[in-house]
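These notes are about the structure you will find just below.
Protein chains: 2
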Amino acid sequence: MADYIEPLQALCEQFQRLSGIGRKTALRLAFSVLESSEEDAAAFAQAILNAKQQIHLCPVCQNLTDREICSICTDDRRDPATICVVEDPRAVLALEKVKEYHGRYHVLHGVISPINGVGPDQLKIKELLDRLSDERITEIIVATNPTVEGEATAMYLARLLSPFGIKVTRLAYGIPMGGELEFADEITLYRALEGRRTVE
Amino acid sequence: MADYIEPLQALCEQFQRLSGIGRKTALRLAFSVLESSEEDAAAFAQAILNAKQQIHLCPVCQNLTDREICSICTDDRRDPATICVVEDPRAVLALEKVKEYHGRYHVLHGVISPINGVGPDQLKIKELLDRLSDERITEIIVATNPTVEGEATAMYLARLLSPFGIKVTRLAYGIPMGGELEFADEITLYRALEGRRTVE
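Chains R and P are the protein sequences, given in the same order.
Here my numbering is used: position 119 in the first sequence is 119, and no number is missing along the way.
Here my numbering is used: position 178 in the second sequence is 1178, and no number is missing along the way.
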């Protein structure tokens, strides 16, 4: 890499800092920038600065927003009785795509992971508890990912929330639609069996 | 995508303009930027501007450079008798990695491709002919890619250069090292047969 000209090298290094970008992809992306017009490159640089400067956490649900309070928290049509707790803003985007969930969210910004030194205090759990003073809340759906850490975090939250007398639920886990039993792993199959439902 | 907050959406669109970046990867990269520090995001934006502002074409070989004339053209240790003609700056980087080529380069910035409306005039061919007044030049290696357009461009250049009495050569094509005959395509095998050499 030492043979690259310096500004190209510097740009490659910046691309490599992004998640999942290796040396070769960084070079391809850097050339893409060089091949674009001066205006396009300036617009790209400005978009980075704008995103970083304008996006912050919603003080209510901790999701990303460019408003004072995010558009979901301020939307009166969203059911205030249900809060879906997720690990990160990406999960909110995924759930919103379904268009079937009409409650609110709460973003933890991580999961409890002792091995990575992440305890409950590093997550937005205190902010979740603060919201429970709203008496309209009747159900909390814990939608952390079905990983070891996600499950542990769900268990922790369920225990923490039990004194509040609020229903705590978890998403259903099982065979993904379109998937085949043959290719499902044992844990997914176990969960699918365990969560079996009467055909109506 | 309409549900993203605007600055995130704008940043995703910028990433999607880059070569080979789709919607999902753009979103991942945009989140990467949001997760970085304000200083890192500013450094990224600055690197884009710097690369675009400081990098231009070397007036001699048409390769990318941030100097007046590029470091290869000004390097006295590089053999001025040989010019290797390539399609783009990436090819220069690839050849330089081998560390076995000690001549100079000439970057065409494309290949002749009637279907894409690219004729010889859109390439840096005139600039190549201008260099031939240097009497030290004895060989031109045409190292365009072994594609239909690359081959056509090589043929065109060979014809164009023949009146100058300079040796015009082409890279050897054949089975890649570590490759197996079984998996080589017919054209590669044909080239490998055609280019066979006496074992010494």
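Even glycine gets a Cβ: it sits at the ideal position worked out from N, Cα and C.
### Inter-residue Cα distance where the pair is residue 1022 (chain P) and residue 1015 (chain P)
8 Å
### Query
Is the shortest distance between the beta-carbon of residue 1002 (chain P) and the beta-carbons of chain R less than 8 Å?
The pLDDT assigned to residue 1002 (chain P) is 44, lower than 50, so where the model puts this residue is not dependable, and the model offers no usable value.
### Query
Does DSSP classify residue 167 (chain R) as helix, strand or coil?
Reduced to three states, the DSSP call for residue 167 (chain R) is strand.
### Query
Would you say residue 1034 (chain P) faces chain R, with C-beta separation under 8 Å as the test?
yes
### Query
Any chance the CB of residue 127 (chain R) is under 7 Å from a heavy atom of the ligand COA?
The model on display carries no ligand, and the ligand COA is accordingly not part of it.
### Task
Kindly say whether residue 6 (chain R), judged by its beta-carbon, lies nearer than 8 Å to any beta-carbon of chain P.
Residue 6 (chain R) counts as touching chain P.
### Message
On a Cα-Cα basis, can you pick out the residue from R:25, R:60, R:88 that is closest to residue 75 (chain R)?
### Response
R:60
### Query
In chain order, what residues of the same chain have a beta carbon less than 8 Å from the beta carbon of residue 1062 (chain P), not counting five sequence neighbours either side?
1106, 1107, 1108, 1109, 1124, 1127
#### Entry: Under 8 Å by beta carbon: chain R residues contacting residue 1040 (chain P)
17
### Task
Pull up the DSSP beta-bridge partners for residue 193 (chain R), would you.
None, per the DSSP bridge assignment.
### Task
Report yes or no: is there a C-beta of chain P within less than 8 Å of the C-beta of residue 77 (chain R)?
False, the Cβ-Cβ gap to chain P never drops below 8 Å.
### Message
Just to check my reading of the structure: residue 51 (chain R) and residue 1034 (chain P) have Cβ atoms closer than 8 Å, yes? What is that Cβ distance to the nearest angstrom?
### Response
6 Å
### Query
Apart from the five residues just before and just after residue 141 (chain R), which ones in its own chain have a Cβ nearer than 6 Å to its Cβ?
If we look at residue 141 (chain R) and ignore the five residues flanking it on each side, its Cβ neighbours are 84, 169.
### Message
Less than 8 Å between C-beta atoms, sequence neighbours within five positions excluded: which residues of the same chain meet that for residue 1156 (chain P)?
### Response
Same-chain partners within the cutoff: 1112, 1120.
### CA nearest to the CA of residue 1134 (chain P), picked from P:1104, P:1038, P:1054
P:1104
### Message
I'd like to know if residue 1065 (chain P) contacts chain R, where contact means its C-beta is closer than 8 Å to some C-beta of that chain.
### Response
yes
### Message
List, from N- to C-terminal side, the alpha helix (DSSP H) runs of 4 residues or more that fit wholly inside the segment 1063–1137 of chain P.
### Response
1089–1098, 1125–1131
### Query
Is DSSP giving residue 49 (chain R) helix, strand or coil here?
DSSP places residue 49 (chain R) in helix when its eight states are reduced to three.
### Task
Could you tell me the boundaries of the alpha helix (DSSP H) in which residue 1182 (chain P) lies?
No alpha helix (DSSP H) holds residue 1182 (chain P); DSSP gives it neither H nor E.
### Sheet register partners of residue 142 (chain R) (DSSP bridge)
R:85, R:170
### Task
Return the CA-CA distance between residue 143 (chain R) and residue 1175 (chain P), expressed in angstroms with no decimal places.
52 Å
### Task
Let me know if residue 1036 (chain P) comes out buried or exposed under the rule of 16 or more other beta-carbons within 10 Å of its beta-carbon.
buried
### Query
For the alpha helix (DSSP H) that residue 1017 (chain P) lies in, which residues bound it at each end?
Premise fails: residue 1017 (chain P) is in no alpha helix (DSSP H) and is neither H nor E.
### Task
Under 8 Å by Cβ, that's how I've got residue 150 (chain R) and residue 87 (chain R) pegged, so tell me the actual separation to the nearest angstrom.
7 Å
### Query
Is the beta carbon of residue 1099 (chain P) less than 8 Å from the beta carbon of residue 1139 (chain P)?
The Cβ atoms of residue 1099 (chain P) and residue 1139 (chain P) do not sit closer than 8 Å to each other.
### Message
Rounding to the nearest angstrom, what Cα-Cα distance links residue 185 (chain R) and residue 178 (chain R) in this structure?
### Response
Each residue's Cα considered, the two are about 15 Å apart.
### Contacting positions in the segment 44–57 of chain R - beta carbon closer than 9 Å to chain P
44, 45, 46, 47, 48, 49, 50, 51, 52, 53, 54, 55
### Task
Could you list the residues in the segment 1154–1175 of chain P with a C-beta less than 9 Å from some C-beta on chain R, going in chain order?
none
### Query
For chain R, is any of its Cβ atoms less than 8 Å away from the one on residue 1011 (chain P)?
yes
#### Entry: residue 1032 (chain P) to residue 91 (chain R) span [Cα, whole Å]
Approximately 15 Å, taken between the alpha carbons.
### Message
To the nearest angstrom, how far is the alpha carbon of residue 1024 (chain P) from that of residue 1089 (chain P)?
### Response
Looking at the two C-alpha atoms, the distance is approximately 29 Å.
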